[in-house]
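Beneath this line is the structure, given in structure tokens, with notes to follow.
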């Protein structure tokens, strides 16, 4: 009856008031949402969208979830059509509807999420208009922030390469809006990983895109101080004792630590900040530090960082990117307590195949490690003794290479590396209140003293330098140390080594630890302490060593 009255007898519409087919609730259920969809678009191409109709459509979708797939499919097909005609105004309206559906129908996202992802892919692939790609990044950002679990994590992860490539594109002039939108999208993905404990397999591409756009607020202007040609305080004497020649390098003792950026809330940015890729790159670094709550996650973040610095040659402390990024990571990782792991990973990176045979590059990395040690010391964080052990191992290898090679240039680069390691060891020793772990490390190295002459000499040379460092720092801190028994035993064994230089070096190590009279640098020619205090420490060391020797004599008898 209702079908006949509507199609053949329109007058029945006004007469047959009791017909169930003519009731408003069931009369045209399909055409109702289509009418609402048509009303959200302006009649003119350049007209403004009808916000009231858009909200009405979203409320209708919320009350009628079964209609959401048809609404999403209609919007998807409409977007494809407008993309072909490059009608940017209508596309913007469609994406606005999708974004409002995300917030109003968040619990019904399963009905339209895949349609939205398909539209975002089309927008990111639009090569002619940056506005469309910016709109795609903004829509993807909204989608990520509206996630309540990791259901669509894999689908979102497939878009990371597209967003990362867009973020790394070189733009003409000052048009950085696309980069800013891409970095904002990447920051939302880092937030997603931190919020739901999910790591995207494409995390390395996120890191590359962030570093490509990373800039600091200010660069440390310390060239005048850092580039003064000071000789290291062990250059003239200890190197000769270790079998090496003079060194030409710049010390990092006068390096000025830069100021650190404040933590920024992405929801409180001004318009200028939202359109600035530099701001978003700093926010991304901040969120990466928040993500690295565990050492494993920190390693997943640092590995692509180090690879990027290797490939793009950003290790230079003076002009490179690595120093600023790692200092910021150390500063921002204080909450998680993983700031020390950054230093450990950096020193471990010296063994990477990309740089293990490049002393110049290794020297730059050690310079950065020295700055990180200073920052950790300012934060009252004790440095892992394993860092000093690895540095001593690299110092031994460098001394060994210096004795083998004949090229003047390569020798000078190895001297530079040795000086950088000495500076870093000195900073580590300054931050260690009790140097007993360093003595234990020396004992362990002497226990495994090689019978090969060259290796044994380089080992003794590295320990001789470390002994000077320990002696200098203990004098500065007024520490009276007892001579370690295990170290004394190993030194006596080393004094019986077949090689004469090894025996001489062992005696020198013994005398330095015993007497505590380190060689001071030229720019610290005046001793800051009174000789009386130095003599009291020396007397204590002599008494301790004498007691140990008497004990050893008694054991031998």
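In the working numbering, the protein residues as written are 335 to 891. Idealized CB from N, CA, C, for every residue including glycine. Just so you know, these numbers come straight off a predicted model, no measurement behind them.
Looking only at its own chain, which residues have a Cβ that is under 7 Å from the Cβ of residue 489, when we skip the five neighbours before and after it? 451
Measure the alpha-carbon distance for residue 665 versus residue 645 and round it to whole angstroms. 25 Å
Between 529, 466, 539 and 390, which has its C-alpha nearest residue 502's C-alpha? Comparing Cα-Cα distances from residue 502 to each of 529, 466, 539 and 390, the minimum goes to 539.
Three-state secondary structure assigned by DSSP to residue 837: In this structure, residue 837 counts as helix in the three-state DSSP scheme.
Using the C-alpha atoms, what's the distance from residue 511 back to residue 462? Looking at the two C-alpha atoms, the distance is approximately 15 Å.
Please report the residue range of the alpha helix (DSSP H) in which residue 454 lies. For residue 454, the enclosing alpha helix (DSSP H) begins and ends at 447-458.
From what residue to what residue does the alpha helix (DSSP H) around residue 607 run? 605-608
So residue 520 and residue 618 are supposed to be a Cβ contact under 8 Å. How far apart are they, rounded? About 6 Å separates the CB atoms of residue 520 and residue 618; that is less than 8 Å, so the two are in contact.
Mind checking residue 773: buried by the 16 CB within 10 Å criterion, or exposed? buried
Less than 8 Å separating the beta-carbons of residue 836 and residue 794? yes
Distance check for residue 698 and residue 432, CA to CA, integer angstroms please. 50 Å
Other residues of its chain near residue 675: CB distance less than 7 Å, five sequence neighbours each side excluded: For residue 675, where only same-chain residues beyond five positions count, the Cβ hits under 7 Å are 629 and 632.
Nearest-angstrom Cα distance between residue 745 and residue 647? 22 Å
Which full runs of the alpha helix (DSSP H) of 4+ residues lie inside the stretch 382-467, going along the chain? Those alpha helix (DSSP H) runs which fall completely within the stretch 382-467 and span 4+ residues are 385-397, 402-419, 422-438 and 447-458.
Note down the Cα distance separating residue 906 from residue 411, rounded to an integer number of angstroms. What the structure shows of the chain is the stretch from 335 to 891, and residue 906 is not part of that stretch, so it cannot be assessed.
Go ahead and pull the three-state DSSP assignment for residue 741. coil
Using 10 angstroms around the beta-carbon of residue 653, count the other beta-carbons present and answer buried if the total reaches 16, otherwise exposed. exposed
In angstroms, rounded to a whole number, what distance separates the CA positions of residue 707 and residue 599? 29 Å
Apply the 10 Å Cβ neighbour rule to residue 842 and answer buried if 16 or more other Cβ atoms are within range, or exposed otherwise. buried
Report buried or exposed for residue 643, applying the criterion of at least 16 other Cβ atoms within 10 angstroms of its Cβ. buried
The stretch 762-769 / the stretch 827-835 touching (three or more Cβ pairs under 8 Å): No: fewer than three Cβ pairs fall under 8 Å.
Output needed for residue 700: all residues of its chain with C-beta closer than 6 Å, excluding positions within five of it in sequence on either side, in chain order. 754, 755 and 758
I'd like the span of the alpha helix (DSSP H) that includes residue 528, first residue to last. 511-530
Could you tell me whether the Cβ atoms of residue 721 and residue 681 are closer together than 8 Å? yes
With a cut-off of 8 Å, do at least 3 Cβ pairs link the stretch 444-460 to the stretch 394-413? yes
Taking C-alpha atoms, which residue in 785, 611 and 775 lies nearest to residue 801? 775
Please indicate yes or no: does the CB of residue 393 lie closer than 7 Å to some heavy atom of the ligand MG? Among the components modelled here there is no ligand, and therefore nothing to report on the ligand MG.
Would you say residue 700 faces chain C, with C-beta separation under 8 Å as the test? Absent here is chain C; the protein component of the structure consists of one chain.
Residue 873 in three-state terms, based on DSSP: Low local confidence applies: a pLDDT of 45 at residue 873 is under 50, so the model's placement there is unreliable, and no value is given.
Alpha carbons only, please: which of 545, 669 and 608 is nearest the one belonging to residue 635? 545
Among the candidates 847, 428, 627 and 397, whose CA atom is the shortest distance from the CA of residue 777? 847
Cβ shell of residue 392 (< 8 Å), same chain only, five flanking positions each side left out: Counting only Cβ-Cβ distances below 8 Å, and skipping sequence neighbours, we find 431, 434, 435, 438 and 439.
Between the stretch 719-739 and the stretch 678-692, are three or more C-beta pairs nearer than 8 Å? The stretch 719-739 is in contact with the stretch 678-692.
As an exercise, report each continuous alpha helix (DSSP H) stretch of at least 4 residues that is fully enclosed by the stretch 654-689, in chain order. 656-666 and 673-682
In whole angstroms, what is the alpha-carbon distance linking residue 425 and residue 607? 26 Å
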